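Have a look at the structure below, then the notes.
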Amino acid sequence: MRFVPRRAGSTTRSSARLTREGIVAAAVELADRDGLDGLSMRRLAQHLGVDAMSIYYHLRDKDTLLAAMADAVVSGIAAAPAEGPWTERLRSLIMQARATMLRHPWVVPVLQGRGEPPPAVILHIERVLAVMRAGGCSVDLGHHAIHLLGSRLLGFSQDLFDDTPDPSAPPPPAAWAETMPHVAELAAAVTHDGPLGGCDDEREFAFALDLLLEGLERRRLG
1 MRFVPRRAGS TTRSSARLTR EGIVAAAVEL ADRDGLDGLS MRRLAQHLGV
51 DAMSIYYHLR DKDTLLAAMA DAVVSGIAAA PAEGPWTERL RSLIMQARAT
101 MLRHPWVVPV LQGRGEPPPA VILHIERVLA VMRAGGCSVD LGHHAIHLLG
151 SRLLGFSQDL FDDTPDPSAP PPPAAWAETM PHVAELAAAV THDGPLGGCD
201 DEREFAFALD LLLEGLERRR LG
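Read in full-length UniProt numbering, the sequence shown has 179 at position 179, and its numbers run on one by one without any break.
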């Protein structure tokens, strides 16, 4: 079979059939299905049925692609309710952000690995501040709130350790009862069959968020 070289300009013509938005949407779909480990420019090109160079025409490298994907997902966070107490409006906005992150769990490591936030994150912070200012919060309180809430603004937080219940885990050492009685008490309470049961991430997130919002409201009134 005679090899026929690719004609000059063919990549440009194939790339014209694509759009940046379409490529990003397809990449989000792949990441949702296979995780970040299953996403590559080659696999994305196969998914779209195009040559890989067609993707590079719109997005220069994988890092640029990941940033665009995270930006697209954050852009999809539903807006806060138009009415109601500012704490309830902000709570709703943040819980909407959490729901979005749970649908696209790969976004969290992408955001954590970036030095600069994508534009949609800045716009999300603008919406947070708009809710607070409309609720009577000062600029200074809004500034403190951004630092206080941290990643919770986008619906996730980094726990100190993984406390997911493990039915096969051994009970706390008996010596803890004497040397660390309060840790032993807590450990026994939150085991799989303990009275508190396993930690519910959604409840713990909401509990912490409510405490923070209540504290901010007290500062606003004070």
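For each residue, glycine too, the CB sits at the ideal point set by N, CA and C. Everything numeric in this text was worked out from a predicted model, so none of it was measured.
For the pair residue 21 and residue 73, the Cα-to-Cα distance works out to about 12 Å. Here DSSP, grouped into helix, strand and coil, assigns residue 116 to coil. DSSP, reduced to helix, strand and coil, places residue 138 outside both helices and strands of the structure shown, so it counts as coil. The three-state reading of DSSP puts residue 38 in helix, counting H, G and I together. Where residue 92 is concerned, the enclosing alpha helix (DSSP H) starts and stops at 86-103. A straight line joining the alpha-carbon of residue 216 with that of residue 151 spans about 17 Å.
Annotation: residue 133 to residue 139 spans about 7 Å, alpha carbon to alpha carbon.
Distance from the Cα of residue 63 is smallest, within the candidate group 27, 187, 51, 84, for 27. CA-to-CA, the gap between residue 137 and residue 220 works out to about 6 Å.
Here DSSP, grouped into helix, strand and coil, assigns residue 157 to coil. Excluding residues up to 5 positions away in sequence, 38, 39, 43, 44, 47 lie with their Cβ nearer than 8 Å to the Cβ of residue 30 in the same chain.
For residue 53, the uninterrupted alpha helix (DSSP H) segment begins and ends at 52-58. With respect to residue 70, residue 24 sits apart: the two C-beta atoms are not nearer than 7 Å.
Straight-line spacing of the CA atoms in residue 207 and residue 82 works out to 23 Å.
With distances taken between CA atoms, residue 87 lies nearest to 135 out of 135, 153, 111.
Straight through space, the alpha carbons of residue 105 and residue 34 are spaced by roughly 11 Å. Here the C-alpha atom of residue 78 lies approximately 12 Å from the C-alpha atom of residue 89. Here the C-alpha atom of residue 185 lies approximately 26 Å from the C-alpha atom of residue 210. For the 7 Å CB-CB criterion, residue 154 and residue 99 do not form a contact.
In this structure, residue 18 and residue 54 form a Cβ contact; the two beta carbons are roughly 6 Å apart against a cut-off of 8 Å. In this model, residue 103 and residue 32 are separated by some 8 Å (Cα to Cα).
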